[in-house]
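> Residue numbers (our numbering), protein chains in the order written: chain A, 5 to 226; chain B, 121 to 605; chain C, -15 to 300; chain D, 5 to 671.
The C-beta atom is built at its ideal place from N, Cα and C for all residues, glycine as well.
For clarity, every value in this text was computed on a predicted model and none was experimentally measured.
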Amino acid sequence: MNFTSLDLQLLNTCAALLLLVSFAMLSQRRIVSLVNLLALQGTLLCAATLLLAWRTGQHHLYLSAALTLALKVVGLPWLLHRLIRRLEVYWDTEPLINMPGAMLVGLVTVVFAFGLAQPIAELASTATRNAIGIAVAVILLAFITMITRRKAMSQVVGFLSMENGLFFGAMSATYGMPMVVELGVALDVLVAVLVLGIFFFQIREQFDSLDLHHLESLREDQ
Amino acid sequence: MEFAVLLATPLGGSMLLALWGHRRRAAEINVALSLVTFLAATALTARVIGEGNLLTGRDQFFIDPFNVFLVALTAFVGLTTAIFSRPYMRVEIEHGRLNAHRLRLYHSMYQLFMAMMLVALTSNNLGLLWVAMEAATLSTVLLVTLYRTPASLEAGWKYFILCGVGIAQALFGTILLYFAAEKVLGAEGVRALLWTDLAAVKGELEPTVLSLAFVFLLVGYGTKVGLAPLHNWLPDAHAEGPTPVSAVLSGLLLNVAIYAVVRCKVLVEGSLQSSLPSNMLMGFGLLSVVLAAFFLWRQRDIKRLFAYSSIEHMGIVTFAFGMGGAVANFAALLHMTVHSLTKSAIFFAVGHAAQKAGSQRMEDIRGLLAMNPTIGWGLMLGSLAILGVPPFGVFASEFLILTTAMKQQPWATPILLVALGVAFAAIFGRVQSMVYGEATGRRLPHQPALLPVFAHLALVLLLGLYIPPYLAEWYRAAARMIGGG
Amino acid sequence: MSGLAWFTQLLEVLAAISLAPLFLGWVNQCRAWLQNRRAPSLLLPYRGIRKLFHKDAVLAEGASPLFRAAPYVVFGAMVAAAAIIPSMGTGLPFTTAADAIALVGLFATARVFMSLAAMDIGTAFGTLGARREMMVGFLAEPALLIVIFVASLLSATTALPLIAERLATQAPALYPSLAFTAVAFTMVLLAENARIPVDNPATHLELTMIHEAMLLEYSARHLALMEWAAALKLFNYACIGFALFVPWGASTGEPDPAALLLSMPVLVGKLAVAGVWLALLETVSAKLRVFRAPEFLATAFMFAVLGLLVHLLLGA
Amino acid sequence: MEPVLSPLDACLVLLTGWIVVGAAGMLRRGNVVFVARVLFPLGALIGVGLAVVAGWSLALPAERVTLLIGLPDLPFHLRLDPLSRTFLALLGAASAGVSIFAGGYFRKGQGTAPGVLGLQYHLFLASMGFVLLADDAYAFMVAWETMAVASYFLVTSQHGLPEIRSAGFLYLLIAHVGAIAILLSFGILQGGTWQFTFDAMRAAELSPTWAAAAFGLALFGFGAKAGLLPTHVWLPEAHPAAPSPVSALMSGVMLKTAVYGVLRVTFDLLGEPAWWWGLVPVVLGLATALFGVVFAAAQTDMKRLLAYSSIENIGVLFTGIGLAIVFHGVGMQALATLALVAVLYHAVNHAFMKSLLFLGTGAVLHATGERNLGRLGGLIHRMPWVAWLTLVGVLAISGLPPLNGFVSEWLLLQAFLFSHEVPHPFVNMLLPLGAAIVALAAALAAYVMVKFFGVVFLGQPREPGLAHAHDAGRLERLGLVWLALGCVLLGLFPAQVIDALGATTTQLIGSVPPQGASPWWMLAPLPDRQVSYAPLVLLAVIAVVLATTSVVVRRVYRRDVRRAPAWDCGFARVDARMQDTAEGFGQPIRHIFQGFFSMERELPSAFDRAPRYRVVVGDRIWRLVYEPLGGRVQRIADSLAWLQQGRISAYLTYSFVTLVTLLAVVL
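1) Using the Cα positions of D:G34 and D:L121, report the straight-line distance between them to the nearest angstrom.
2) Counting pairs of beta carbons, one from the stretch 72 to 85 of chain C and one from the stretch 1 to 19 of chain C, are three or more of them closer than 8 angstroms?
3) Starting from the beta carbon of D:A171, find every residue of chain B whose beta carbon is closer than 8 angstroms, and list them in chain order.
4) Answer with yes or no whether the minimum CB distance from B:T363 to chain A is below 8 angstroms.
5) Measure the C-alpha to C-alpha separation of D:R206 and B:V410 and round it to an integer number of angstroms.
6) Among the candidates D:F611, D:S609, D:R636 and D:R594, whose CA atom is the shortest distance from the CA of D:M603?
7) Strictly below 9 angstroms CB to CB, what residues from chain A border B:L248?
8) Closest to B:V509 by C-alpha separation, out of D:G96, D:L177 and D:A614, would be which residue?
9) Under 8 angstroms, Cβ to Cβ, is there at least one residue of chain C near D:Q464?
10) Taking CB distances under 8 angstroms as the criterion, tell me whether D:I652 reaches chain A.
11) In whole angstroms, what is the alpha-carbon distance linking D:L84 and D:E67?
12) When you compare the CB of D:H163 with every CB in chain B, is at least one pair closer than 8 angstroms?
13) Run through the DSSP bridge pairs and tell me what D:H81 is partnered with.
14) Given a threshold of 16 other Cβ atoms within 10 Å of its Cβ, counted over all protein chains shown, does B:M104 qualify as buried or as exposed?
15) Excluding the 5 residues preceding and the 5 following C:V58 in the sequence, name in chain order all residues of the same chain whose CB lies nearer than 6 angstroms to its CB.
16) Which residues bound the beta strand (DSSP E) around D:V620?
17) Which residues in the same chain have their Cβ closer than 8 angstroms to the Cβ of C:M103, if we skip the five residues on either side of it in sequence?
18) Can you pull out the residues from the stretch 443 to 474 of chain D whose beta carbon lies closer than 8 angstroms to at least one beta carbon of chain A?
19) Would a C-beta distance cut-off of 8 angstroms place D:L259 and D:A230 closer than the cut-off?
20) Buried or exposed for C:I68, please, with buried defined as at least 16 other CB atoms from any protein chain shown within 10 angstroms of its CB.
21) Which class does B:K278 belong to by DSSP, given the choice of helix, strand or coil?
22) Run through DSSP, which three-state label would A:W95 get?
23) Less than 8 angstroms between the CB atoms is what I'm expecting for B:L246 and B:T294, so what's the real figure, rounded?
24) In whole angstroms, give me the CA-to-CA distance for D:L494 and D:A351.
25) Are the C-beta of D:T657 and some C-beta of chain A separated by less than 8 angstroms?
26) Between B:N492 and chain D, is any beta-carbon pair separated by less than 8 angstroms?
27) Counting only the same chain and skipping the five closest in sequence on each side, list residues whose C-beta sits under 8 angstroms from that of C:A282.
28) Candidates D:F105, D:L78, D:G381 and D:L72: which alpha carbon is nearest D:L482's?
29) Using the rule of at least 16 other Cβ atoms within 10 Å of the residue's Cβ for burial, across every protein chain shown, is D:W626 buried or exposed?
30) In the DSSP assignment, the beta strand (DSSP E) including D:S602 goes from what residue to what residue?
31) Take D:V320 as the anchor and find which of D:G403, D:I186, D:L274 and D:V250 has the nearest alpha-carbon.
32) Output needed for B:F196: all residues of its chain with C-beta closer than 7 angstroms, excluding positions within five of it in sequence on either side, in chain order.
33) Under three-state DSSP, which class holds B:G625?
34) Using a Cβ-Cβ distance under 8 angstroms, would D:G495 count as near chain C?
35) Can you check which of these residues, B:L579, B:K527 and B:Q567, is closest to D:L193 by C-alpha distance?
36) In chain order, what residues of the stretch 543 to 574 of chain D put their CB closer than 7 angstroms to some CB of chain C?
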C-alpha cells in the first residue's frame, strides 16, 4: 500500500472535520440540524472509508463503506427525520450544562483522548494511526452529548454518533473489523434504532412528550 | 449435531412463536422448545465431558468446561422459567395486564433471548460475542417494557441507553483487542478475534493496548453485570419487567456478562503479567457488595430488593474472580451456579406472591405462609439460601470465597463480612414480615407452578452438602483455565 | 469409725439441741438486765416450746403440705448444721460431711423453705416477711462466705473443724484480717438471726418485722419447731464464730465422750460471754428501717473484703 | 465383647434416626396424635440411646470417620472424643425428658402444623448432635447454622404475633453475626495451612497475637449464641416466644453447645491458651451472671424470668472457663481441673434443672393459659405433680444442698478460693472477689426462685380462672419425673459424676481430678486441702431428724390438726389481691440495683378512684448498643440514596467518570 501525502492530507482533513462535527453536535440545540450533522458525520466517515479502500485495496472496506452510506447517511437520518416529523419534536430544551461549559469539558476531553491514543498510535502500522486519537475524542464527545441532552431523541443521536466514532476508530486502527463482526454490528445498530422508534411512540403516548424528566420516577432518594 | 440443535431450536422457536405466539398452545410450545434446548445442552455437556473441548462452525464456536456448564445452566433455568411462566402469564392476562399479541412478543423474544445468550456463551469470536450480547440486550429491552406502563417504559429506556452505551465501550475494547491481535496473528481478518487463537498467543499481545482494551471491555460488559456504579439500570429493569424476565435477567444474563468479562480478563492478564485486571475486578466487586448491601435497607418493592441482592452477589463473584487462583475461581463458578438457581427460584416465588397480593410493595404482602404454604416456604427457604445460610450451596461458595479472601486479601474480609451482615438484616427482616403473620390477599385462580422453585432449591441444597465428583472436576478444569491469583 | 465415735457425735448433737434454747434464754436475760427490766426466767424458751407442743395445731385453709413439711425440714437442716459444726469436738464423723460452704448452703436451704412456707398461705404479712428474709439472706450470704474465705486462707482449708484445729494449734498470733472479719461476722450473725438492728425478735409490729412475719400463720408444734430451729440457728452461728475466732478449748483428735464432756464447760463459758456481748450490741444499737438493712450488710461485706485484702497484702 | 457398631457409628445411626423420625412427621402433617404420641416418644427413646452410647463410651479413645458428603476438597470429618461424648450424653439425656414431655404437650392449635413442627424439632436435635461431632470447620458451620435456623423456625412457630416475629428476627440475626465471628476465628485458627480440618488447626502454629485474636473471635461468636453480655438481648425475647419444650431445649441444651464450642476452640484447637485470656471470660462471665440474675428478679413473665436466669448460669459457666484458662496458664493444674470439672458439671446440671423448670412453666401455661406471674398463684393445690417436681428444679437451681446445683457451685467456689495463689499482682487480689460475686449471684438466684415458685404455685389463686387448672398429663409427668430424677441423682452422687468427667479433663488439660482415698459417698477433689462434701450424709441426717421429730410429735403429743381461716394478725377479710405481686416481690432488688435498670414507673396517687401501679423495666444495654447501631446503618443507607436519583444523565455521568478514571489509572 502506498500513500501519497495528498491521501493522508485528505484523510486527516476528514478526521478533523469529524471532530468538528462532534463539537457542533455538542453545541447544537435544534434536533433537526442535529440529525443533519449526524448524516454529515456519516458522509465523512463514508468518504474516509472509500479513500482507504481505494488506497489499501482491501475490498471489504468497500462493503463497509457501502454499509455506512446505506445506514448512516441515508437510512437512519431519514428514519429520524420521519420520527421528528411524526412526533413534532424539533427543539431540545436547554441542555443541562450551558454551551461554554460543554465546550470547555469537550476540549479537556479531546486533550485526554489524544493523550490516550498516543501509545496506540505509536504501535499502529496503519497510515491513519494519527486518526485514532480523533476517533476516541469523537466517542467521548458523543458521550458528553448524551449526558447533557434532555430529549430522548437527541440522546439517541448522541448514541449513533458514538457508533460512528467506534466505526472510525476501527477503521483507522485496523482498517476495519472482520466482515462477520461488521455485519453484526450494522444489524444491531439498525435493530436498535427500530426498537428506539417503537420506544418513542410508546413514551410519547404515555407522557405525550419525549422529555427525559418524565423518566425520573424510579429512584432511591425518596 | 447437538450443538446445531442447541442454537437452532431457540432461534427457529422465536420465529415460530413470532407467528404463533398468541395462539392457545403457545405457552406449551415455549416449554417444549426450552425442553429440546435443554436436552441438546445436556447431550452437548455429556459429549464435552467425554471428548473434551470442541471447536466447530469453522472455529467460530468453541466449547470448553467454562462455558459448557454455563450453557447447561442456562438451558436448565430457561426450561424451568418457561414452565413457571405458563401459569404466571395466564394470570397476568386474566388480570388484564397483558393481551394476546403482547404474549406473542413475549414468547418470541424469550426464545430469541435464550438463543442470543447461548450464542454469546459458545461463540469463539469475541466480535460475535459482542454482537450476541447487544442482541440479547435488545430482546430483553422489549421484554422489560412488556407491560407498557410508564414505569416499565422508563426502566426499559434506562436499560437501553445505559447498556447500549456500555456495550459501545465494549465494542471499542474489542476493536483495540483486534488491533493488538492483528500485530501477532497477522491481518488475515477472521482469525484475529478467535478466542482460542488469542489465548494461544496471549503472552505476546501488546500490554499497553490490552490494558486500555480491558478498561473499555470492563466498563462495557461490567455495565451488564451490574457492577457499581454502573448498576443503575438493573433494579429498575428487574422491578418493572414481568417476573419470568426478572428471573432470567438475574439468573442468566448477569452470568453471561460475567462470563464475557472473565474471558477478556484471561487474555489481558496473560499479556500484562500484572495484577492490574485482578485489582480492578476486586475493586468493582467490593464496591458493588457494599453499595448493594446498604441500598437493600431502603427497599419497599420486593423485586427491587432481590435485584439489589443480585448486584451484591455479582459483586461477590467478581471479587472472587479478581482474587483468582484455583480455589477462588472454583468458588466463583459455584457461586454463579447456586446464585442463578436460587435467585430464579426466589423470583418465581416472588412472582406468585405479588400476584396474590396484587402488589409488589412489600407492606402489601403479608402472611404468605398462611395464604399458601408452598409459596411461603419457597420464599423463606430461598431467601435463607441466598443469604448464605447453610446447608444451602450459597454458603459453600461463600465459605470458600471468605476463607480464600482471608488468605489472599485479609484487608477485604472485614468489609465483605460487614456487608454480608447488613444485607442479612435488611433482606431477612423484610422477608420474615412478608412470610409470617395473618394472611391478606385473594386466592390465585391458577394453581401456581412451584415445581421449579423446589427443584432449584433442592439442587442448591444438594450442592451445599455434596458436589458430584464430575461436576467438581469440571469446575476445577474451568478454574484452571481461568487461572490468575 | 467406731461406734464410740458415732456415740460421741450423737452426744454433741443432743447437747447442741438442748443447749440452744438455754443460750437464747441467756441472751434475753442479759438484754433485760442491760435494759434494767425484770429478767424472764432462763428457762422461758423451754417452757414456751413445751407449751406449744401441747396445743392443738391450727392450719390455715389454704395451707399446702409444703406448709406442714417446712418446720421439720428447717429443724432438720439446723440439726444437721449442728452436727457438722465443731462446737465441742473437731474429729467427729459428720464433720467431713460438709465444709463451711456447704454449711452456708444448709442455712440457705432452711431459709428458702421458711420463705416458701411463709408464702404458702398467701397473706400480706407472710409474703412481706418472705421477701425481706430473702433480701437479708442474699446480702448476708456473700459476706459470710468471704469471712469463711479469710479463715480458710489462714488455714488452707474450708473444712470448719480443720480451720478450728489449725487456728487453735498454730502459735497464737494476732491476725488483723481476722479482726476485720470478726466484725463482719458479728454483723452477719445479727442480721441472719433476726436480731436488732436488722430485725427485732420481740416485736410484732407489722411494718418492721421480718422473721416473725413468716411465722404468723404457724401454731402449736409447727411453731415450736420453728422457734427451736431459730434458737438452734443462733447457737450454730455462735459456734461457727467460736470455731473461727476463738477455736481454743474444743476437743481435738480422736473423738471420745470424755473429752467431749471436758470441752462442754469451755463451750458454755464461751456462750455465756457471747450472750452478754450480743445483748450489749442489741442494747446499744437501734432498730434500722428495713431499707437501711442493705447498707448495714454492705458494711459487713466491706469489712469482710477488707479482711481478705489485708490478708492477701500482709499474708496474715 | 466387641459391640457390633462402634460408638461413633451408633451415634450417627441415632442422629439419622432423629432426622428420619422428623421426616416421618411430614407424611401426616396435620395429625397431632400420630406426631405427638408416636414420633416424639420415639425421639425420646433415641435420646436415651444416645445418652447411653455416649456415657458408656465416655472413657474410650477418640475415633473418627470421614463422610462422603461435604465440599469436594473438604468432606465432612466427624470425631467422637470424650469432650463431645460428654455433651452428647447431656444432649441425649436432657432431650429425652423434653421429648417425652413434648409428646404430651403439643396439641391442635394455630401456627405451624404439628408434622412440620416435629420435623423442625428433630432437625434441631440432630443438628446439635452434629455440632458436637463435627471435626472440620465446614461441617461445624453447617451443623451450627442448621441448628440456628431450625430453632429459629421453632421459636417463630406462633408467628401470628408481631412480638414473636421480632424476637425470631433478633435471634437469627445475632446468631448469624456470631456465626460470622466463629468463621473468622476458624480462618485464623488454620494458621496458614489452609486446611480447615480441626486436625490441621490442632497442628497449626499461631503467633500469640493471632491466637489471642482467634480466641477473642471465638469467645464473641459462641458468646453471642450463649447469651453472654452484651449479646444477650435475643435470649429473653426468644425463650418466651418459643413453645415450652423448645425453650427447654434451647436453654438447657443449645446454650451448652456454645460452651462446648469455647472449650473445643480454647483447649483443643488452640492447644496452649495464655493465662491472661482467661481474665476476659471471667470478667464477662461475672458481669453476665450478676446482670442476668438481677434482671430475672425484676421480671413478671415466668418464661422471661427463666430466660434471664439462664443468662446468669451462662455467666457462671464462662467464669469457670475463664478460671480454668487462668489456672492452666499459670500451671496450677489441680485447680484448673477443678474449675473445668465445675464447668462441665454445671453444664450438665443446668441442662436438667432449666429444662425441668421450662417444662414446668409449660405445664402451667397449658393449664392456665397464663405466662404472667401476676395472674397465677396457688397452683400447688390444683396441679401437685407439676408443683412438687418443679420444686425440685427450683431447689436445685437455687444451689441448695443436697441437690445438683449446689455441687457445681461448690466446686467453682473451691476453685475461686485458691485463686489468690495466681502469681500475678492485682489478679491474685481481684480474682477472690469474684467468689463474692458468684456467691451473691447464687443467693440472688435463690431469691428469684423463691419468687418464681412462691408466686406461681403458692398463696391464693390470683384469678378465678385458675380454679379450673388441670394437672399435667401422663407423658408430661414422665418427662418431668425423668428430669427431676436427674437433678437428684446428679446431686447425690457427685464423686461418680466427677470420675466420669475425668476422661474429658484429661483430653482438654491432661489431668484428672484426684479422687484420693475418700469413700464412694464422699466428694473430696482436693486431698491436700482435706475439704469434702457428702450429700448423702447430709440427706441422711436431715431425713433421720425429720423422721424422729415427726414420730416423736405424733407419738408423744397426740394432738390433732384443725383447719381455720388464715389469721394474718387478726385481719378478717384476707383476699388474693393482698399477696405480693411479682413486681412487689422484686421491689427490693429494683431498689438496691437501681443502676442496672432503665425503669419507667406509673405510681398511683392517694386519691384516684382506680389506683393502678405499673412499672416497666428496660435493659440499658439495648439502648446503649443496639439502637444506635441500627440507626447508624439506616443513616448510611439514607445518605447513599442520593446516588440514585433516577436521572439518566447522572447515571451516564457515572459511567463516563468511571471510564475516564480507569483510563487515567491505566495510563
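For this structure:
1) Here residue 34 of chain D corresponds to residue number 30 of the fourth sequence, with the count starting at 1. Here residue 121 of chain D corresponds to residue number 117 of the fourth sequence, with the count starting at 1. Cα to Cα, D:G34 sits roughly 10 angstroms from D:L121.
2) no
3) On the fourth sequence, position 167 is the one that residue 171 of chain D refers to. Under the 8 angstroms cutoff, chain B gives no residues; its nearest Cβ is about 11 angstroms from D:A171.
4) Locating residue 363 of chain B in the second sequence gives position 243, where the first residue counts as 1. With 8 angstroms as the cut-off, B:T363 does not count as an interface residue toward chain A.
5) Walking along the fourth sequence from the start, residue 206 of chain D turns up at place 202. Walking along the second sequence from the start, residue 410 of chain B turns up at place 290. When rounded, the distance between both Cα atoms is 35 angstroms.
6) On the fourth sequence, residue 603 of chain D is found 599 positions in, with the first residue counted as 1. The option with the nearest alpha carbon to D:M603 is D:R594.
7) What you label residue 248 of chain B is simply residue 128 of the second sequence in a count that begins at 1. What B:L248 touches in chain A: V184, V185 and G188.
8) Counting from one through the second sequence, the residue named residue 509 of chain B turns up at place 389. Among D:G96, D:L177 and D:A614, the Cα nearest to that of B:V509 belongs to D:L177.
9) The sequence position of residue 464 of chain D within the fourth sequence is 460, counting from 1. Yes, contact with chain C.
10) Locating residue 652 of chain D in the fourth sequence gives position 648, where the first residue counts as 1. So yes, D:I652 belongs to the interface.
11) Indexing the fourth sequence from 1 puts residue 84 of chain D at position 80. Indexing the fourth sequence from 1 puts residue 67 of chain D at position 63. Each residue's Cα considered, the two are about 5 angstroms apart.
12) Locating residue 163 of chain D in the fourth sequence gives position 159, where the first residue counts as 1. It does; some Cβ of chain B falls within 8 angstroms.
13) By one-based count along the fourth sequence, residue 81 of chain D stands at place 77. D:T70.
14) This structure does not reach residue 104 of chain B, given that chain B is present from 121 up to 605, and the question cannot be answered.
15) For the purposes of this step, residue 58 of chain C is taken as the residue at position 74 of the third sequence. The beta carbon of C:V58 sits closer than 6 angstroms to the beta carbons of A94, F97, M98 and A213 from its chain, once the five residues preceding and following it are set aside; these are given in chain order.
16) Locating residue 620 of chain D in the fourth sequence gives position 616, where the first residue counts as 1. Here the beta strand (DSSP E) through D:V620 covers R618 to D623.
17) As a working mapping, residue 103 of chain C is identified with position 119 in the third sequence. Correct list, in chain order: G110, T111 and A114.
18) Taking 8 angstroms as the Cβ-Cβ cut-off against chain A, none of the residues of the stretch 443 to 474 of chain D qualify.
19) Your numbering for residue 259 of chain D matches position 255 in the fourth sequence. Your numbering for residue 230 of chain D matches position 226 in the fourth sequence. Yes, these two residues count as a Cβ contact at 8 angstroms.
20) Here residue 68 of chain C refers to the residue found at position 84 when the third sequence is read from its first residue. It is buried - the Cβ of C:I68 has at least 16 other Cβ atoms within 10 Å.
21) Within the second sequence, numbered from 1, the residue matching residue 278 of chain B stands at position 158. Reduced to three states, the DSSP call for B:K278 is helix.
22) Taking the first residue of the first sequence as position 1, residue 95 of chain A is located at position 91. In the structure shown, A:W95 sits in a strand (DSSP, three-state: E or B).
23) Locating residue 246 of chain B in the second sequence gives position 126, counting from the first residue. Locating residue 294 of chain B in the second sequence gives position 174, counting from the first residue. Right, the Cβ-Cβ distance comes to about 5 angstroms (below 8 angstroms), so this counts as a contact.
24) Translated into the one-based positions of the fourth sequence, residue 494 of chain D becomes position 490. Translated into the one-based positions of the fourth sequence, residue 351 of chain D becomes position 347. Each residue's alpha carbon lies about 12 angstroms from the other.
25) Within the fourth sequence, residue 657 of chain D is the residue found at index 653, counting from 1. Answer yes: the Cβ-Cβ gap between D:T657 and chain A drops below 8 angstroms somewhere.
26) Translated into the one-based positions of the second sequence, residue 492 of chain B becomes position 372. Output row for B:N492: interface = no.
27) By 1-based counting over the third sequence, the position of residue 282 of chain C is 298. Cβ within range, chain order: L123.
28) Numbered from its first residue, the fourth sequence carries residue 482 of chain D at position 478. Checking every option, the nearest Cα to that of D:L482 belongs to D:F105.
29) Position 622 of the fourth sequence, counting from 1, holds the residue named residue 626 of chain D. D:W626 should be labelled exposed.
30) Residue mapping note: residue 602 of chain D aligns to position 598 of the fourth sequence, counting from 1. Here the beta strand (DSSP E) through D:S602 covers F601 to E606.
31) One-based indexing of the fourth sequence puts residue 320 of chain D at position 316. Nearest option by C-alpha distance: D:G403.
32) Here residue 196 of chain B refers to the residue found at position 76 of the second sequence. Within the same chain, B:F196 has close Cβ partners F158.
33) For residue 625 of chain B there is no data in the structure shown, the boundaries of chain B being 121 and 605.
34) On the fourth sequence, position 491 is the one that residue 495 of chain D refers to. Cβ-Cβ to chain C under 8 angstroms: no for D:G495.
35) For the purposes of this step, residue 193 of chain D is taken as the residue at position 189 of the fourth sequence. Looking at the Cα atoms, B:K527 is the closest of the given residues.
36) V545, I546, V549, L550, T553, S554, V557, Y561, R563, D564, V565, R566, R567, A568, P569, A570, W571, D572 and C573
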